[in-house]
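Participant: Pasting a structure below so you can have a look.
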Amino acid sequence: MSRPPLLTVDEALALIGERIAVPEGCETLDITAAAGRVLARPVLAREALPAADNAAVDGYALHRAGHGACRLVAGRAAAGHPFPHALAPGEAVRIFTGAVVPEGTDGVLMQEQAQVEGQSLRWHGDLRPGANIRRKGEVLRPGDTALPAGLRLTPVHLGLLADLGVTEVVVRPRLRVALLSSGDELRPAGARRAAHQVTDSNRPMLRGLLADLGCDVTDGPILPDDRAAIATALLAAARSSDLVITTAGMSVGDEDHIPAILHGEGEMIFHRLALKPGRPMGLGLIAGTPVLGLPGNPGAVAVTFTLIGQMLVRHLAGETPRALPRYTLPAGFAYEKPAGDRALIPARLHDGKVERVARNAAGNLAWSGDTEGFADIAEAVTRVVPGDRIGFIPFAGALR
0 MSRPPLLTVD EALALIGERI AVPEGCETLD ITAAAGRVLA RPVLAREALP
50 AADNAAVDGY ALHRAGHGAC RLVAGRAAAG HPFPHALAPG EAVRIFTGAV
100 VPEGTDGVLM QEQAQVEGQS LRWHGDLRPG ANIRRKGEVL RPGDTALPAG
150 LRLTPVHLGL LADLGVTEVV VRPRLRVALL SSGDELRPAG ARRAAHQVTD
200 SNRPMLRGLL ADLGCDVTDG PILPDDRAAI ATALLAAARS SDLVITTAGM
250 SVGDEDHIPA ILHGEGEMIF HRLALKPGRP MGLGLIAGTP VLGLPGNPGA
300 VAVTFTLIGQ MLVRHLAGET PRALPRYTLP AGFAYEKPAG DRALIPARLH
350 DGKVERVARN AAGNLAWSGD TEGFADIAEA VTRVVPGDRI GFIPFAGALR
């Protein structure tokens, strides 16, 4: 019996959006504890930003925008200390950045342009009306959406919330993720191993990646290559988690039990992608909980989590969908592959070109110390020569 055609990464991502429901629920947090959380409701501005017309530069507030001179009056306007009087036509007063402009001001002259002689202020050229004034409400007006629902909050967002007088936000709950590994050859990190055994390096990598995405992670056991044991562990993890992530056991060999379990006791949404490395991966449901089956090779796990895993996590966390940052740059290496497969290759940037870092990178992570991202070779491309323009996905938007 022939196998169905392999899905592309984009087709798999579309199925995530169509078939995977976002867990319900929300909680209210103080903004000091909200970094990394996803907004469940939009934040609306309660007041104007800026709250008043204020100076964008150090200089002189004028009641005469145009060319000429003004009479400099005594006093000054500083942040937190407004000038107490209105300016009459032809008057100017010293002002500093952020200070509320006095009534009557129609422009602020930069101090670098000013010529002061006693009480006379002169300048060359024209000063347009409204120059160097931040107008009340020009950034946000009361009722405007300051931050939309589905946004993962960064420290910069927290600063904006504080500026708006917002002290609490409604956010999605932390995603509960259970990690499982399978394979008779696996040993936990730090344990002694024989030559025929392999360290489970995927577990610490995935824990760190999931922690960066704000998940609560539960470590399940390393499971033997036994279908009944794997099925029991999958079901238990699914009942207490929002997402189960497994590594290994996703190919088509005799000891690859997870696809058979999902087909028989749950649902398989997709299995095997047109991707190198990372073909043996899939997504299914068991007890209504998504199960993301990643490959066993750690390099392939890094690739598949970059393209699929983190996008699934962001979707389940309630984030608004967004594409990975991807830049088109000239290649600094040669490469060939079959048509139909998308390839991600560890790479770095050098002199504006994408340089390949490693060969045979699927089975290890030795390339990680010298890598800045992945070269991304599209499905239709079969041959790359130096100078061809290819994709580059930086780790800053993916694994870091």
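Mind the numbering: the sequence shown is residues 0 to 399 in numbering that gives the first Met the number 0, read in order. For every residue, glycine included, the Cβ atom is placed at its ideal position computed from N, Cα and C.
(1) Which whole runs of the beta strand (DSSP E) in the stretch 292-369 are 3 residues long or more, in chain order?
(2) Rounded to whole angstroms, how far is the Cβ of GLY74 from the Cβ of VAL92, which I believe are closer than 8 Å?
(3) At which residues does the beta strand (DSSP E) containing VAL8 begin and terminate?
(4) Indicate whether ASP224 and SER180 have their beta-carbon atoms separated by less than 9 Å.
(5) Name the DSSP bridge partner or partners of MET109?
(6) Please tell me whether ASN201 and THR246 are closer than 9 Å, where the distance is taken between their beta carbons.
(7) Are the stretch 161-176 and the stretch 75-88 touching, with three or more C-beta to C-beta distances below 8 Å?
(8) Put ASN53 into one of helix, strand or coil per three-state DSSP.
(9) Counting only runs that start and end within the stretch 237-273, where is the beta strand (DSSP E) found for 3 or more residues in a row?
(10) Only counting the same chain, and skipping five residues up and downstream in sequence, which positions put a Cβ closer than 6 Å to that of GLU254?
(11) Are GLY281 and GLY298 close, meaning C-beta to C-beta below 9 Å?
(12) Using a 10 Å radius around the Cβ and a threshold of 16 neighbouring Cβ atoms, would you call SER239 buried or exposed?
(13) Check whether the Cβ atoms of GLY283 and ILE268 sit closer than 9 Å, and answer yes or no.
(14) State yes or no: is the C-beta of ALA301 within less than 9 Å of the C-beta of TYR334?
(15) May I ask you to report which of helix, strand or coil DSSP gives HIS123?
(16) In terms of DSSP beta bridges, what is GLN114 paired with?
(17) Considering only DSSP beta bridges, list what GLY189 is partnered with.
(18) Determine the extent of the alpha helix (DSSP H) in which ASP162 is found, giving its start and end residues.
(19) Is ARG173 helix, strand or coil when you go by DSSP?
(20) Would you kindly check if the distance between the Cβ of THR7 and the Cβ of ALA343 is under 9 Å?
Facilitator: Based on what the coordinates show:
(1) 326-329, 341-349 and 352-355
(2) 6 Å
(3) Run containing VAL8: none in the beta strand (DSSP E); it sits in the alpha helix (DSSP H), 8-18.
(4) no
(5) GLY58
(6) yes
(7) no
(8) strand
(9) 242-246 and 266-270
(10) ASP224
(11) no
(12) exposed
(13) yes
(14) no
(15) coil
(16) ARG121
(17) DSSP lists no partner for GLY189.
(18) 154-162
(19) coil
(20) One point to set straight first is that residue 343 is Leu, not Ala, in the sequence displayed. No; because the gap between Cβ atoms is not below 9 Å, this pair is not in contact.
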